[in-house]
Amino acid sequence: EDKVVQSPLSLVVHEGDTVTLNCSYEVTNFRSLLWYKQEKKAPTFLFMLTSSGIEKKSGRLSSILDKKELFSILNITATQTGDSAVYLCAVLNYGGATNKLIFGTGTLLAVQP
Amino acid sequence: DAGVTQSPTHLIKTRGQQVTLRCSPKSGHDTVSWYQQALGQGPQFIFQYYEEEERQRGNFPDRFSGHQFPNYSSELNVNALLLGDSALYLCASSSQGSGANVLTFGAGSRLTVL
């Protein structure tokens, strides 16, 4: 059965800390791995990773994929209270004519002032 | 450029009733997927529509059905509601022409079943 596992489930840090969120997966017909940030309702897209070892960066956020070990990490440096959210990892599974996302349960990040 | 819009934002139903949720995809997108997100869980794939046909379906009973219209908008219907159907229902759109890799999500419809 396809599955995506995220850790930790939740964490609390202080502003300025650096955090690392983990995502491991066992998914057939892997196409890519995506990270989303969910604050209130709509998940917003952060990164899509397709190739191993190539770091994607956007400001204080970065992510990398290891397709051999089947995991990805999302790093956030110099955290701010606005980073508080649920971070979702999802694997895009190619099912022939269509793609679907298989999500983990998410990591709830709380950044305290 | 409007993103994905969903309606209604919130609704309350009782067990046994039926509900219809609506979604308009992002401009330029032709594929609509529906996800169910229970509290504290990640979204679960329900089904995907492209060219007005259901192309793939997740592990959901037949009480869940959908439709896609010629303008690419979509509806999700749930019959004989159960308490366990209470969740945030997310619609996501994408474009087959660009490989349908990155999905854009709407803000969701929060369904509460009493």
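Protein chains in written order, with the working numbering: chain Z, 29 to 141; chain U, 982 to 1095. Beta carbons: idealized from backbone N, C-alpha and C, even for Gly.
Per DSSP, reduced to three states, the secondary structure at U/Q1022 is coil, with no helix or strand assignment. The three-state secondary structure of U/Q999, taken from DSSP, is coil. Straight across, the Cα-Cα distance linking U/A1061 with U/L1092 is about 14 Å.
DSSP, reduced to helix, strand and coil, places Z/T78 outside both helices and strands of the structure shown, so it counts as coil.
Restricting attention to U/G1009, U/E1032, U/R996, U/Y1016, the CA atom closest to the CA of U/Q1025 is found in U/Y1016. Using a CB distance below 9 Å, the part of the region 124–140 of chain Z facing chain U consists of G124, A125, T126, N127, K128, L129, I130, F131, G132, T133, G134, L136, ordered along the chain.
Counting only the Cα atoms, U/A1068 lies some 5 Å from U/A1019. U/Y1053 is outside the set of residues whose beta carbon lies under 8 Å from a beta carbon in chain Z.
Rounded to the nearest angstrom, the gap between the Cα atoms of Z/T46 and U/P1042 is 43 Å. Across the region 47–81 of chain Z, CB contacts with chain U closer than 9 Å involve R59, S60, L62, Y64, Q66, K68, K69, A70, P71, T72, F73, M76, T78, in sequence order along the chain. Chain-ordered, the chain Z residues with CB closer than 7 Å to the CB of U/P1024 read F131.
Between Z/Q34 and Z/G134 the beta-carbon gap is near 6 Å, inside 8 Å, which marks them as a contact.
For U/A1073, the enclosing beta strand (DSSP E) stretches over residues 1068–1075.
Z/F99 is positioned such that its CB atom lies no closer than 8 Å to that of Z/N57.
In the three-state reduction of the DSSP assignment, Z/T109 falls in the helix class. Of the residues U/G997, U/V985, U/N1082, the one whose Cα lies closest to the Cα of U/V1094 is U/G997. Residue contact check for U/F1086 against chain Z: a CB pair falls below 8 Å. Nearest C-alpha to Z/I82 among Z/N121, Z/F73, Z/I101, Z/L137: Z/I101. Under the 8 Å criterion on CB atoms, Z/L116 is classed as interfacial with respect to chain U. Per DSSP, the beta-bridge partners of U/T1093 are U/I993. Taken in chain order, the complete beta strand (DSSP E) segments of 3 residues or longer contained in the region 1031–1068 of chain U are 1034–1038, 1045–1049, 1055–1059.
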